[in-house]
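In the numbering used here, the protein residues as written are 95 to 531.
Glycine included, each C-beta is placed from N, C-alpha and C at the ideal position.
Below is one structure, written out as structure tokens, with a few remarks after it.
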């Protein structure tokens, strides 16, 4: 399993700098991310062997099964976002000699891949000590097993698998089963005007990610509400923001529902889990749409930052960000500005699509607010000497786009309201004790 060499033409970088990129840029970034995960998996296999980890034999056997798959089948298995995040965190733990590492999840990944691909496999699967009574097969589902069990033996053939664990036998497949011990991962499949969006709601696999992403999972108590909300969001994006939707469609593969905050909504991405977004249930379809437009920017920039350094190392510096209550480091400021370039672009297009006067006013206010906020931030970024050549090219491209948008007319009342919102945020920030963590 040798990863290819990855190149990013200057023209693609310039498109990304303008907040765009399209399916071609997404494909290049996703390919580089798959190679990163492949290297991490290879590293953790070697480290499990070198450190004498008790699961090393199961890990090496799983690696051989994955190596025998077709490249697209292997990419689907290792490209599942929580698997990518687990590989990064587990390799780091093994390198430090941390005994809490769970490299045995690779066997569960191989089982899931074998079932989806219809290949034969016979694997020993170590169970995670932190999730007793459960065998998680990332991207496929969860098997309920005896709580005292430490290992399972799984035989895969023709798209099915037999799980043998502590004297029990359980038949599983890629879909639902009459056996209540098998719970497949829910998947949302949406299509509008020929553009698909397919999202796995795999909350359980995240619990094996060492970064602790799993504790944020809120579960899916009512999949229909998520489907309705995201179906509406997808219609908003495809109808009014087709270029953004054409990036989201191939890039986004997994949704991690999280518990809502006391007020508002919560969303985010994970640097080492390309293709996923965490979010609480948005209040309406348009809110869900702008959240996805915001988070796709984070996904693209995180993947770009894995290919090229954007900021040189340096002493701790913290900056005001018009979208945060706390000061941000330079790289965090850059990521936030790039994401809010996407937010400003969303509301710019919404001005033309708004159905009534109130919606139009909201779009005008949000466009003015985020164009000004992001433009001010990009000017701060442009004055930083720690930007690398690629980072500076990115910031210069953002500045060009925002400069053009800032010259577009906005109704005076909308501009005034946007200014009041920005001023109020700055005053609240000034009253908050400085935090640098």
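The alpha-carbon of residue 413 is positioned some 14 Å away from that of residue 526. Under the three-state reduction of DSSP output, residue 321 falls in the helix class. In the same chain as residue 245, and ignoring 5 residues on each side of it, the C-beta atoms closer than 7 Å to its own belong to 218, 219, 220 and 221, in chain order.
Residue 293 sits close to residue 347, with the two beta carbons spaced by under 8 Å. DSSP places residue 235 in no alpha helix (DSSP H) but in the uninterrupted beta strand (DSSP E) bounded by 235–238. Assignment of beta-bridge partners to residue 285 by DSSP yields 290. Between residue 469 and residue 496, the C-beta gap is smaller than 8 Å, which places the two residues in contact. Apart from the 5 residues on each side of it in sequence, residue 120 sits with its Cβ closer than 8 Å to the Cβ of 341, 344, 345 and 394 in its chain, given in chain order. Three or more beta-carbon pairs drawn from the region 196–211 and the region 232–239 are found closer than 8 Å, and the two stretches are therefore classed as touching. Under the 10 Å beta carbon count, residue 335 is surrounded by 16 or more other beta carbons and is classified as buried. For residue 403, the closest C-alpha among the options 455, 142, 481 and 466 is that of 481. Under the three-state reduction of DSSP, residue 412 is assigned to strand.
Under a 10 Å Cβ-count criterion, residue 356 is classified as exposed, with fewer than 16 other Cβ atoms of the shown protein chains found around its own Cβ. In this structure, DSSP gives residue 502 a state outside helix and strand, which the three-state scheme calls coil. Residue 322 is classed as exposed because its beta carbon has fewer than 16 other beta carbons within 10 Å across all chains shown.
Taking one beta carbon from each stretch, the region 500–519 and the region 426–440 have fewer than 3 pairs nearer than 8 Å; the two do not touch. Excluding sequence positions up to five before and after residue 462, its CB lies within less than 7 Å of the CB of 504, 508, 509 and 512, all in the same chain and listed in chain order. Residue 408 and residue 399 have their alpha carbons spaced roughly 17 Å apart. Between the alpha carbons of residue 519 and residue 418 lies a distance of about 9 Å. Counting only unbroken stretches of 3 or more residues, the beta strand (DSSP E) elements lying wholly within the region 340–391 are 348–351 and 370–373, in sequence order. The alpha-carbon separation between residue 240 and residue 257 amounts to approximately 12 Å. For the 8 Å CB-CB criterion, residue 390 and residue 338 form a contact. CA-CA distance, residue 97 to residue 132, rounds to 7 Å. DSSP, read as helix, strand or coil, puts residue 256 in strand. When only Cα atoms are considered, residue 458 and residue 452 end up about 10 Å apart. Assigned with DSSP and collapsed to three states, residue 99 falls in coil, not helix or strand. If you look at residue 120, you'll find it in the alpha helix (DSSP H) that goes 116–144. The continuous stretches of beta strand (DSSP E) do not include residue 165, which lies in the alpha helix (DSSP H) extending over residues 165–172. Leaving aside the five residues that flank residue 377 on each side, the residues in its chain whose CB is nearer than 8 Å to its CB run, in chain order, 359.
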